[in-house]
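17 is the number of the first residue of the sequence shown in our numbering; add one for each residue after it.
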Amino acid sequence: MPGYVLGASPETEEARLLRLARSGDGAAFEALLRAHEVTVARTALRLLGNRQDAQDAAQEVFFRLHRNLGRIDGAGNLSGWLYRVAVNVCRDILRKRRNMTPLDDSRLPAQGSAETEMGRGEQRRLVLAALQSLPEKERAALTLRDLEGLPTAQVASLLGSSEATVRSQISSARLKIRKMLGRRS
């Protein structure tokens, strides 16, 4: 069989796109961007609480991806690399901003009946405000684990922490959010 080597595992689509993007194929880079843009933007929004900052962060993440294409292992985990960069970019933005403000309802997408959406919008606003009130490390751990669904081991690796520290941060964050939401009820 031409093109196949016995014992060699087939190249994944992501690895193929990375290889092509490294060689200057703009369409391959665009395909990588499309495959990961929603996840990166959603993570940034949850960490930053502001759509404009989240868009800026996502743009910076993909700029760094483009700049570092040659350093990323095609057989590795691009998603993990992107999460790590997204968290670091968001930390940089938060350090610059330091004065965090929660999302208001006008920045959230509206769907469904007006009455139902008012309740959902208020609930979303309260949850996002509670999330924004958390210390940076707890917010990152909770976002990656509970909202993005990553395993604790991967979150620990991305944040440069132990699994025990991540579990502790998540537990503390959940308790703080419960208290904040309970106070408003």
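For glycine and all other residues, C-beta sits at the position ideal for the given N, C-alpha and C.
- Relative to LEU98, the option among LEU163, LEU174, GLN139 and ASP162 whose CA is nearest is LEU174.
- Exposed is the label assigned to GLU138, since fewer than 16 other Cβ atoms lie within 10 Å of its Cβ.
- At the C-beta level, ALA156 and VAL103 come within 7 Å of one another.
- Pairing LEU49 with ARG67, the inter-Cα distance amounts to about 18 Å.
- Closest by C-alpha distance to MET196, out of GLU27, SER184, LEU147 and LEU85, is LEU147.
- Of the residues VAL182, GLY65, ALA60 and ARG32, the one whose Cα lies closest to the Cα of LEU94 is ARG32.
- With respect to the C-alpha of GLN75, the residue from VAL54, GLY86 and GLY65 having the closest C-alpha is VAL54.
- Per the C-alpha coordinates, the member of ARG140, ARG100, GLU152 and PHE78 positioned closest to LEU110 is GLU152.
- Secondary structure at ASN104: helix, using DSSP grouped into helix, strand and coil.
- Comparing alpha carbon positions, the residue from ILE186, ARG87, ALA145 and ILE88 closest to GLY165 is ILE186.
- Assigned with DSSP and collapsed to three states, SER178 falls in coil, not helix or strand.
- The criterion of a C-beta distance shorter than 7 Å is not satisfied by LEU63 and THR168.
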